[in-house]
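Asks: Protein chains in written order, with this note's numbering: chain A, 13 to 419; chain B, 426 to 606.
Every residue gets a Cβ at the ideal spot worked out from N, C-alpha and C, and that includes glycine.
Every value quoted in this text rests on a predicted model; they were computed, and no experiment measured them.
1. In chain order, what residues of the same chain lie with their CB nearer than 7 angstroms to the CB of residue 347 (chain A), ignoring the 5 residues before and after it?
2. How big is the Cα-Cα spacing for residue 140 (chain A) and residue 150 (chain A)?
3. Contact defined as beta carbons within less than 8 angstroms: I believe residue 253 (chain A) pairs with residue 178 (chain A). What is the distance between those atoms, to the nearest angstrom?
4. Taking Cβ-Cβ distances shorter than 8 angstroms, what residues in chain A pair up with residue 517 (chain B)?
5. Opposite residue 578 (chain B) in the DSSP bridges: which residues?
6. Report, in whole angstroms, the separation of the C-beta atoms of residue 338 (chain A) and residue 477 (chain B), which I expect to be a contact under 8 angstroms.
7. Beta-carbon of residue 308 (chain A) versus every beta-carbon of chain B: anything under 7 angstroms?
8. Quick check on the burial criterion: 16 or more other C-beta atoms within 10 angstroms. Buried or exposed for residue 256 (chain A)?
9. Using a Cβ cut-off of 9 angstroms, pull out every chain B residue sitting near residue 334 (chain A), in sequence order please.
10. What is the C-beta distance between residue 136 (chain A) and residue 161 (chain A), in whole angstroms, given that I count them as a contact (C-beta under 8 angstroms)?
11. Which bits of chain A does residue 473 (chain B) rub up against, with CB to CB less than 8 angstroms?
12. Pull up the CB-CB distance for residue 264 (chain A) and residue 291 (chain A), whole angstroms please, since I reckon it's below 8 angstroms.
13. By Cβ distance, which residues of its chain are closer than 8 angstroms to residue 404 (chain A), with the 5 residues on each side in sequence left out?
14. Could you check which residue in B:551, B:484, B:495 has the C-alpha nearest to that of residue 451 (chain B)?
15. May I ask you to list, following chain order, the residues of the segment 112-136 of chain A that have a beta carbon less than 7 angstroms from some beta carbon of chain B?
16. Assign residue 493 (chain B) to one of two classes, buried (16 or more other C-beta atoms within 10 Å of its C-beta) or exposed (fewer than that).
17. Would you mind reading off the limits of the alpha helix (DSSP H) that contains residue 365 (chain A)?
18. Taking the continuous alpha helix (DSSP H) assigned at residue 196 (chain A), which residues delimit it?
19. Going by DSSP, what residue range makes up the alpha helix (DSSP H) through residue 332 (chain A)?
20. Hey, residue 9 (chain A) and residue 223 (chain A) are a contact pair by Cβ (cut 8 angstroms); roughly how many whole angstroms apart?
21. For residue 535 (chain B), report the span of its alpha helix (DSSP H) as first-last.
22. Among residues of its own chain, excluding the 5 on either side of residue 521 (chain B), which ones have a beta-carbon nearer than 6 angstroms to its beta-carbon?
23. How about residue 82 (chain A): is its C-beta nearer than 7 angstroms to some C-beta of chain B?
24. Since residue 201 (chain A) meets chain B, which of its residues come closer than 7 angstroms, beta carbon to beta carbon?
25. Have a look at residue 26 (chain A) and residue 152 (chain A) and give me their C-alpha separation to the nearest angstrom.
26. Determine the direct distance from the alpha carbon of residue 51 (chain A) to that of residue 585 (chain B), and round the result to whole angstroms.
27. Would you check if the distance between the CB atom of residue 541 (chain B) and the CB atom of residue 517 (chain B) is smaller than 7 angstroms?
28. What residues match up with residue 549 (chain B) in a beta bridge as DSSP calls it?
29. Which of the three DSSP states is assigned to residue 532 (chain B) in this structure?
30. According to the Cβ coordinates, are residue 175 (chain A) and residue 221 (chain A) closer than 7 angstroms?
31. Three Cβ pairs or more, each shorter than 8 angstroms: is that satisfied between the segment 561-571 of chain B and the segment 497-513 of chain B?
32. Are the beta-carbon atoms belonging to residue 576 (chain B) and residue 558 (chain B) less than 7 angstroms from one another?
33. Would DSSP call residue 43 (chain A) helix, strand or coil?
34. Got a sec? Which residues, its chain only, sit under 8 angstroms from residue 94 (chain A) by beta carbon, not counting five neighbours each side?
35. Determine the burial state of residue 562 (chain B): buried for a count of at least 16 other Cβ atoms within 10 Å of its Cβ, exposed for fewer.
36. Report the three-state DSSP secondary structure of residue 504 (chain B) (helix, strand or coil).
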């Protein structure tokens, strides 16, 4: 199947998903614009997993979201446009990302890619699924975006483009939250400075999309706190996308907790809490009836080994550049007394997530711990924190300047 | 293929906690420098941003070189790797479609198993069977597949791997799992 046919099907699927999302957000008054359309489309896609679990669950979740966003309140789009004249940087970055994705042969080259595409193919063929040891959201989105095709190239490209859609959500929300081109570009530059991000951006993976969804949830909740009517729907959509990975709920809870714990977020924590509730409902519904895994096999003595292994991973300059080192500096700087709340909130989110990841690995079954210590897990978990780290570094650059920052 | 997405080019899979070494020290030094830079209020915002972008861009060069010129999925080699994967996938799927189902008897090629499992979605034989076995030997991607005595043989028989890796004998139709080492 040619790339053009696959892309045409992809666009058609996006339009259909946008119609479903638009139905749920009918009274949210999101208005026009690329971000509003993208939020509708991604919400429609993210709801697929709930409808797949059970129609009643999907309807319940859709009703909850529709009620929560009924008659959206906040700034008119014109006011937002006054704050920020253009999102040229974001659109340029999205174009670069899409070219990078499409230029790679649409073939699953990595084992993890093959596993996701195999699940998507099974869904397209309506086969009985093997014991699901992972979330079905990415395979469902992949199958839907390829219009139910079972062709490997269509599935592989659609799966990769899910990452592109998550990147677009992050970049457009960043543009909406930024006052200057520098504010908008800096987190994207930090992201691009981690070569590992380029590798997974061009493949079918959950880690980068989940990280971008976590960053989008932060940005969406903060927009909601500032009265932007797109904020809450964007935060909820991003939270639902976090269901792509089991650890997504950890990121969502960390975001909501940090918004609640660090003062100054106004109503943002309410939007984040609502998003966590939606994610929780969707996750429970999807995994309902799945075989119970052995959840606890605590080994506290391995904590030191895990931390040591994590440090070894993030010290690899070829994989991460110096993003972790600069991120560490930004994290420490954000706790200075003079620092504003935004970077401190992001720092708290990162610390909470790291603590929960470590606790989960220490308590996890031995197989998962062995995988982490064997080098096949920690880099991917770290990638899920990269967009949050990028936001923190961009905030940290001006954290100690006398406010408002001189431009 | 298996390790391709973990690390950019050289993060070793084994050896927990070892080898932080020089790169860790470099990272720590940069962190301290960046921290002192961040907390100096006399440095202008523009200077901070320019310094940050330059530092990150320079540090990304080794990884960018690996992504563009070293990795198996580098742009110049991605097409070849993709062709090999597609050839294996299509061979396995065509074999399984022709016989109604198939199953993996030999799994010496770790990198190929995921591709073969993708090809066998909806076509895996259920229960014990001697029909339509597939043997994946270590060089399956490079060599491709051919039918031999009713089986699909991908790659060439690797006796050393069979002995050292405990891979089941090709002519043992019931040995579906490798023996534990």
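Replies: Looking at the atomic coordinates:
1. 356, 359
2. 17 angstroms
3. 6 angstroms
4. Under the 8 angstroms cutoff, chain A gives no residues; its nearest Cβ is about 12 angstroms from residue 517 (chain B).
5. B:560, B:571
6. 7 angstroms
7. no
8. buried
9. 451, 452, 455, 456, 459, 480, 481, 483, 484, 485
10. 6 angstroms
11. 409, 410
12. 5 angstroms
13. 339, 342, 343, 346, 355, 358, 359, 362
14. B:484
15. 116, 117, 119, 120, 121, 122, 123, 124, 126, 127, 129, 130, 133, 134
16. exposed
17. 353-375
18. 193-204
19. 329-332
20. With chain A covering 13 to 419 only, the question about residue 9 (chain A) has no answer from this structure.
21. 535-544
22. 527, 545, 548
23. no
24. 478, 481
25. 13 angstroms
26. Any reading at residue 585 (chain B) must be qualified, since the residue scores a pLDDT of 49, below 50, and its modelled position is unreliable; the value itself is stated next. Taking the straight line from one Cα to the other gives about 55 angstroms.
27. yes
28. B:527
29. strand
30. yes
31. yes
32. yes
33. coil
34. Interpretation of residue 94 (chain A) is limited by its pLDDT of 47, a score under 50 that renders its predicted location unreliable; the figure taken from the coordinates is listed afterwards. Answer for residue 94 (chain A): no residue qualifies.
35. buried
36. helix
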